[in-house]
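Inspection log for the structure reproduced underneath, given as structure tokens.
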Amino acid sequence: MSTSTYPGFTRLPNHRHHPLTKKIFTVSPGFYTFVGWATSNFSAIVGPEGWILIDSGDDPIVAREALAEIRKLTDKPLAGVVLTHSHPDHTMGAVGFLEGEDPNLPVWGRSNFGGESAGFQGIESVTGRRAGRQFGLG
């Protein structure tokens, strides 16, 4: 049996993670976390005037599916988006939530948003392969 190796790690050929089952957890009343919908979790917090999205996952198509589920949980409008950091697994699904929304809808991030990736410039192919292996895609 052939394996691929990296110091301290061995991976069997064709090994992949099993896909997660899509679940919506009620963390507390009005606070929902979506697990298994994307590479990373994202959440919706419903307030008196609307709901806030915390991160967006990495897939706009799945984001649209999640948006349909959020609309079943509340009839309030999307009031804003908080992006915790700029990694694609937290940001790439945003378009699926934002299509058709007011272009002035607030999207919040930290003051140096994207800065966490600065140290990886020039090695994107390496970090891309690493992420693929981490998430069972390569």
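Whatever position you read off the sequence shown (first residue = 1), add 204 for this note's numbering. Here a beta-carbon is modelled for each residue, glycine too, at the ideal position from N, C-alpha and C.
By alpha-carbon positions, which one of Leu271, Thr278 and Lys280 ends up nearest to alanine 298? Leu271
Return the Cβ separation of leucine 287 and threonine 295 in integer angstroms, given the expectation that the two are a contact with Cβ distance under 8 Å. 6 Å
Segments assigned alpha helix (DSSP H), at least 4 residues, entirely inside the region 261-314: 264-277, 292-295 and 298-302
List the whole-angstrom C-beta distance separating phenylalanine 238 from asparagine 245, where the pair is believed to meet the contact cut-off of C-beta under 8 Å. 6 Å
Here's the rule I'm using: 16 or more other beta-carbon atoms within 10 Å means buried, otherwise exposed. How should methionine 205 be labelled? Because methionine 205 carries a pLDDT of 43, less than 50, the predicted location of this residue cannot be relied on, and the following value inherits that uncertainty. Burial call: exposed.
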